[in-house]
Every structure is written in C-alpha cells, then in structure tokens.
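J.: So for the sequence shown, this note's numbering puts the first residue at 161; every next one is plus one.
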Amino acid sequence: MFEIQNEASTYGWENYYDYTNNEYTVPSQSMWRWKFYSAGPLGWSDYNSEVWLLYAFKNEKAKYPINDSEWDERIPASLFYADIFTDFPEHVQWQTWTATEGTSTSGGTVTTDEPGFSYADWVEDRVYINKYTAQYEDYQEVNSDNSEGTNNRIFRLGEIMLDYAECLAQTGDITEAVNVLNEVRNRAGLCNLGERQDYKVESVYTNPDTDNSTVDFNDDYGYAAFENSQIGTLEDFMAVLDIEDMKETAFECERVIDLRRWGISRDDSFLQRVKKRSYKYYTNFNSVRAWVPMPTDDVNNNPNLEQLPGW
C-alpha cells in the first residue's frame, strides 16, 4: 500500500486513503463520480435525476403516440416525477403517492417545510429515476424486502444504432447518420428530425443554482439545422447527438465513455452548456481528470511517449 501511495503522489493526488473516506467529498483525484447527499423524508431518493433531463425529454411531442400519451415513451421508462400519471395515463407503477399528496414510503404525509427539508424541492420539483428500478404493480407483494433483480444491460441495440449514426457522421455521411438516428427516435414515438418543426415544444430550463441562467433544449442543441428536411453540418449533428444520446441511454453509465470519445471535456462551449444546466457538477469538474494519467515510469522510459495534457 505504501508503494501505491508513493505512485499516487507522483500524480499530485492527495493521500490514497482519502479516496474512500467520506470526509473528503471532492478529492482531487476524482474524475467522474457518484456523489452522496442525504435522502429526503419521503424515501426512495438515494438515486435522483437532474431536473433538466425532464426538460430535455419534453422539447418535442410524439408523432406516433404510444400508450395514450403525447410524449416521448422513454420518459416513464427513465424518470418518475410529479406529473407522470397525467402525462402517461396508462402508466402503471407501484408507487401510489404523487408529488401533490406527499405521502411517504412509511405511509405518513408530508405537507409543509420541516427543518432541513423543503417541501417544494423534495415533493413538487424533484425528479426521481425509474430506469432499472422496480416499477411494476405487484412489487411490494413479491419484493417486500425492497430488493430489485433487474439486470443491467451492458450493450444494447439502441446504443449500437447511436454509435453507428456517429460513425456515419464522422466519416462524412450525415444524411445516412440522420436516417439511423431517426430509427431510434421513431421507436420512442418521435418524428424524423426533418419534421421536428411540427412537433417541437418550447423547453427552457432555468437553473436556480446559476443566478437563474437558462438552457434552451431546442436552440442550444443544433436541432434547427435539421428541421424542414435540412441537413446540417457535422458540428450540428454532434450537438443533436449529444442530447439524443442522453435521452436514449440515461442512467446506463455510458455518458463518460461518450465524452471521452468525443474529446469535448476541454471544449468551452460544451462546458458552458453543462454549467447552465448543472452548475454544481461543473464547478467540481476538472477537465484534466477526464482521463487517468499514463504511468510515470512509462513516460520517463519512452522518449516518444507524451504524458496526457495537464498531468
């Protein structure tokens, strides 16, 4: 362990043991991490979504309604929020409380602010995660111990299609890249990109953590370049793919891989978009740590090997 600490110190890291000590919530060696916070009084809140993702999903309505809803079918599969049963009348989920009722998992009702608890934040405005959780109606009867046996998918068709669309765009065939992306969108009930002008909905998220800065999930993500059957540039397509990929693979642990491949962790325009929608993560992110450094000995022993930038 002493050798590990010595090796770690050559990279400018803090004490090796700090990595597993909750006293240091943002140690310098952190690159991308799960961040702990206290759960709310309603329970079921140890794993939440950022609110802006719901706004991203709601930047257009479905062309092919599924399950009697005008919205993207991926929303209830991914998120649990105050209006889910209004937006998706046929959605079935074992949780019986709604945001307006504020019924906790223990059966009590929370209706007012309490010490350390904002009713509006935890009950009315918070967005929870449905993907990979037990949503089905008889959950409490068959899993009274609150366990969940859903298998995580490592690689699935939707991700393959998105990767294929990206490859086509990067090799110059943006038209076919759009066609492939449209297949993913159509499966969720959405129109082709070239028809978005007929289905898009104004969706602007105001972030209270950044002096109410706003992010527009239509204008800020390149969609206009493909509306009315236009074919935009590679830059336009990658901006669209950025948000389309998040919708399709939300919470599947693919995001960090995409960001590394795209090489945009040092791109200021990307970081500014992140800052507007999720300031607390932007302020804790250091683009140098998007990649781990190469071993010092390897770099020192090979004059042709250059250390990664910033290390």
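All C-beta atoms in this analysis are idealised placements derived from N, C-alpha and C, irrespective of residue type, glycine included.
In the structure shown, what three-state DSSP assignment does Leu556 receive?
T.: Residue 556 lies beyond the range of the chain shown here (161 to 471); nothing can be said about it.
J.: Nearest CA to the CA of Leu350: which residue from Val211, Ser209, Phe217?
T.: What you label residue 350 is simply residue 190 of the sequence shown in a count that begins at 1. Among Val211, Ser209, Phe217, the Cα nearest to that of Leu350 belongs to Phe217.
J.: What did DSSP end up calling Glu220 once you bin it into helix, strand or coil?
T.: Here residue 220 refers to the residue found at position 60 when the sequence shown is read from its first residue. DSSP places Glu220 in strand when its eight states are reduced to three.
J.: Going by beta carbon distance, what residues of the same chain come within less than 8 Å of Phe411, once the five residues before and after it are set aside?
T.: Working through the sequence shown from its first residue, we reach residue 411 at position 251. The answer, listed in chain order, is Ser209, Ser238, Ile289, Lys291, Tyr292.
J.: Touching or not, the region 219-230 and the region 415-422, by the rule of three or more beta carbon pairs under 8 Å?
T.: These segments do not touch.
J.: Please identify the residue among Leu468, Ala348, Asp232 whose C-alpha is closest to the C-alpha of Thr456.
T.: In the sequence shown, residue 456 corresponds to position 296, counting from 1. The residue with the shortest Cα to Cα distance from Thr456 is Leu468.
J.: Between Phe315 and Asp323, what straight-line distance do the alpha-carbon atoms span, to the nearest angstrom?
T.: Indexing the sequence shown from 1 puts residue 315 at position 155. Indexing the sequence shown from 1 puts residue 323 at position 163. Spanning the two alpha carbons is a distance of roughly 11 Å.
J.: Starting from Ser373 and walking both ways along the beta strand (DSSP E), at which residues does that stretch end?
T.: Position 213 of the sequence shown, counted from the first residue, corresponds to residue 373. 373-376 is the extent of the beta strand (DSSP E) around Ser373.
J.: Should the region 366-376 be regarded as contacting the region 334-347, the criterion being three or more beta carbon pairs within less than 8 Å?
T.: No: the two stretches stay apart, fewer than three of their Cβ pairs being nearer than 8 Å.
J.: The alpha helix (DSSP H) with Asn339 in it runs from where to where?
T.: Working through the sequence shown from its first residue, we reach residue 339 at position 179. Unbroken alpha helix (DSSP H) run through Asn339: 334-347.
J.: Which residues mark the beginning and the end of the alpha helix (DSSP H) in which Val452 is found?
T.: Taking the first residue of the sequence shown as 1, we reach residue 452 at position 292. From DSSP, Val452 is part of no alpha helix (DSSP H); its letter is neither H nor E.
J.: Residue range of the alpha helix (DSSP H) that Tyr365 falls in?
T.: One-based indexing of the sequence shown puts residue 365 at position 205. Run containing Tyr365: none in the alpha helix (DSSP H); it sits in the beta strand (DSSP E), 364-367.
J.: Buried or exposed, going by whether 16 or more other CB atoms sit within 10 Å of the CB of Pro236?
T.: Translated into positions along the sequence shown, residue 236 becomes position 76. Classification of Pro236: buried, given that the 10 Å Cβ count is 16 or more.
J.: What does the Cβ neighbour count give for Leu401, buried or exposed, with the cut at 16 atoms within 10 Å?
T.: As a position in the sequence shown, residue 401 is number 241, starting the count at 1. Its Cβ being crowded by 16 or more others within 10 Å, Leu401 is buried.
J.: Quick one, which of Thr374, Ser373, Glu362 has its alpha-carbon nearest Tyr383's?
T.: Taking the first residue of the sequence shown as position 1, residue 383 is located at position 223. Looking at the Cα atoms, Glu362 is the closest of the given residues.
J.: Compute the Euclidean distance between the alpha carbons of Arg426 and Leu465, then round it to the nearest angstrom.
T.: Looking up residue 426 in the sequence shown gives position 266. Looking up residue 465 in the sequence shown gives position 305. Answer to the nearest angstrom: the Cα atoms are 21 Å apart.
J.: Tell me which residues share the same chain as Phe377 and place their Cβ nearer than 6 Å to its Cβ, disregarding the 5 neighbours each side in the sequence.
T.: For the purposes of this step, residue 377 is taken as the residue at position 217 of the sequence shown. These residues qualify, in order along the chain: Tyr215, Ala216, Asn219, Ser363.
J.: Compute the distance between the beta-carbons of Trp471 and Val448, then report whether it is under 9 Å.
T.: Residue mapping note: residue 471 aligns to position 311 of the sequence shown, counting from 1. Residue mapping note: residue 448 aligns to position 288 of the sequence shown, counting from 1. Cβ atoms of Trp471 and Val448: closer than 9 Å.
J.: Does DSSP put Lys360 in a helix, in a strand, or in coil?
T.: Here residue 360 corresponds to residue number 200 of the sequence shown, with the count starting at 1. Of the three classes helix, strand and coil, the one that applies to Lys360 here is strand, per DSSP.
J.: Take Glu250 and list the residues in its own chain whose beta-carbon comes closer than 6 Å to its own, dropping the five residues that flank it on each side.
T.: Walking along the sequence shown from the start, residue 250 turns up at place 90. Contacts found: Asn227, Asp228.
J.: Grouping DSSP H, G and I as helix and E and B as strand, with all else coil, what is Asp228?
T.: Stepping through the sequence shown from its first residue, residue 228 is reached at position 68. If DSSP states are grouped into helix, strand and coil, Asp228 belongs with coil.
J.: Under the assumption that Asp247 contacts Ala348 (Cβ atoms under 8 Å), give the Cβ distance between them as a whole number of angstroms.
T.: Start at 1 with the first residue of the sequence shown, and residue 247 comes out as number 87. Start at 1 with the first residue of the sequence shown, and residue 348 comes out as number 188. That belief does not hold up - the Cβ atoms of Asp247 and Ala348 are roughly 14 Å apart, past 8 Å.
J.: What three-state label does DSSP hand Tyr292 in the structure shown?
T.: Locating residue 292 in the sequence shown gives position 132, where the first residue counts as 1. Note: Tyr292 maps to coil in three-state DSSP.
J.: Considering Cα atoms alone, identify which of Gln253, Glu319, Asp243 is closest to Met406.
T.: Position 246 of the sequence shown, counted from the start, is the residue given in the question as residue 406. The shortest C-alpha separation from Met406 is found at Glu319.
J.: If you measure between the beta carbons of Val344 and Ala329, is that distance less than 9 Å?
T.: Walking along the sequence shown from the start, residue 344 turns up at place 184. Walking along the sequence shown from the start, residue 329 turns up at place 169. No; because the gap between Cβ atoms is not below 9 Å, this pair is not in contact.
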